[in-house]
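Going from the sequence shown to this note's numbering is simple: count from 1 and add 1.
Backbone N, C-alpha and C fix where the C-beta goes; we use that ideal spot for every residue, glycine too.
Note that this is a predicted model, so its numbers are computed, not measured.
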Amino acid sequence: MRHLKVALVTGAGSGIGAAIARTLASRGHLVVVTDVDRLRAERVAAEVGGHAQALDVTDPAAVAATAESVAREHGSLDVWVSNAGVSAMRPFLEVPAEQVERTLAVNLQAVFSCGQAAARVMVAAGTQGRIVNVASMAGKQGRVPYLADYVASKFGVVGLTQAMAYELASHAITVNAVCPGYVATPMQERELAWEASLRGTTPDEVRALWIADTPLGRLEEPEDVARAVAFLVSEDAAFITGEALAVNGGAYMD
Ligand SMILES: NC(=O)c1ccc[n+]([C@@H]2O[C@H](COP(=O)([O-])OP(=O)(O)OC[C@H]3O[C@@H](n4cnc5c(N)ncnc54)[C@H](O)[C@@H]3O)[C@@H](O)[C@H]2O)c1
2 MRHLKVALVT GAGSGIGAAI ARTLASRGHL VVVTDVDRLR AERVAAEVGG
52 HAQALDVTDP AAVAATAESV AREHGSLDVW VSNAGVSAMR PFLEVPAEQV
102 ERTLAVNLQA VFSCGQAAAR VMVAAGTQGR IVNVASMAGK QGRVPYLADY
152 VASKFGVVGL TQAMAYELAS HAITVNAVCP GYVATPMQER ELAWEASLRG
202 TTPDEVRALW IADTPLGRLE EPEDVARAVA FLVSEDAAFI TGEALAVNGG
252 AYMD
């Protein structure tokens, strides 16, 4: 059995990605903390004893170079977590084309190019790697207000995860997704403010609605997602691939 050691996380300077970096580090991984915001990456890397790297996931050449340099400098690339994501809330009829492009570029196309870059390095080295994509509960149901482009991107991630898992299985690389619910992060703070203004109510009332929508009765914590990611990259999940794991306190069951 091989110990999975070097893990790279995208968008790891904040929220869920930072929690994934902390959790994987606490379980013995050497973590490469990447984010488009270098200072954020450096802060989290210092906290977890990992390495910081500025990386904009929408730049495929930078993504490929980073995957290769991590394998070269640290001896292998065993785990890649595509976590970076963006959201903006607007009624469907008012979403501008530039927003659709941006959301799909960061949330879907970049997951594609990150997956290619990671898998190319893993295949070349014969690494039985693990890839995890952070999708969303909004990647399984579109009954979500004001997030049409985000929903489209996350449904795409779930499908892409299956296609990657299918093709990479012959290389003993597993590919899975996690689908979080209402997670307390800076992204959620922005969404609370947007949804409150679009509904003509307050962020506190929207938060109460989201908690009421969650059978386990609280907002999700970034660590709830991080522990599920840690499971998917562990030996316990060796025979799981192509899965989109709901981690949402029961807010959406499929
Ligand atoms: N918060 C939620 O409720 C929730 C629910 C389901 C899924 N998700 C998903 O979880 C992931 C993390 O979300 P979060 O809530 O922690 O958000 P966040 O905004 O707190 O953190 C996202 C991080 O990604 C980085 N980032 C943005 N664009 C980037 C780019 N082009 N390249 C590299 N990094 C970039 C940001 O700098 C930031 O540090 C996203 O994919 C999001 O869609 C979040």
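Buried/exposed call for residue i, threshold 16 Cβ in 10 Å
i	result
R3	Low local confidence applies: a pLDDT of 41 at R3 is under 50, so the model's placement there is unreliable, with the coordinate-based value given in what follows. Flag for R3 reads exposed.
R1	Nothing in the structure corresponds to residue 1, since the chain is present only between 2 and 255.
S235	exposed
A19	buried
S83	buried
L193	buried
A247	buried
A99	Here residue 99 turns out to be Glu, not Ala, going by the sequence shown. By the neighbour-count rule (16 or more Cβ atoms within 10 Å), E99 is not buried but exposed.
L109	buried
Opposing strand residues paired with residue i [DSSP bridges]
i	result
I132	W81, V176
L246	V179
D36	A55
E221	V184
A8	V32, V80
C-beta atoms of residue i and residue j nearer than 8 Å
i	j	result
D255	K155	no
V96	A149	yes
V107	V135	no
A118	V64	yes
Y167	M90	no
G14	V49	no
L105	V7	no
P223	G250	no
V159	A245	yes
N177	V133	yes
M188	G16	yes
Residue closest to residue i, alpha-carbon to alpha-carbon, out of the options
i	options	result
V241	T175, V80, G127, T128	For clarity, residue 241 is Ile in the given sequence; the question names Val instead. Checked all of T175, V80, G127, T128; the closest Cα to I241 is T175.
L220	R228, A229, R208, T11	R208
W282	V234, H172, A252	The question about residue 282 has no answer here: the residues shown for the chain are numbered 2 through 255.
E190	D205, R41, G201	D205
E69	V122, H172, L199, A111	V122
H30	D60, A231, A247	A231
A22	C115, A213, A227, T67	A227
S114	A62, A239, A170, L25	A62
R131	T202, A238, V80	V80
L25	E43, V10, A170	V10
V152	M165, V101, A197	V101
E196	A164, T128, V145, L169	V145
T128	A47, L169, F93	L169
Original post:
At a cut of 8 Å, does the region 31-38 reach the region 50-67 through at least three beta carbon pairs?
Top reply: The region 31-38 vs the region 50-67: in contact.
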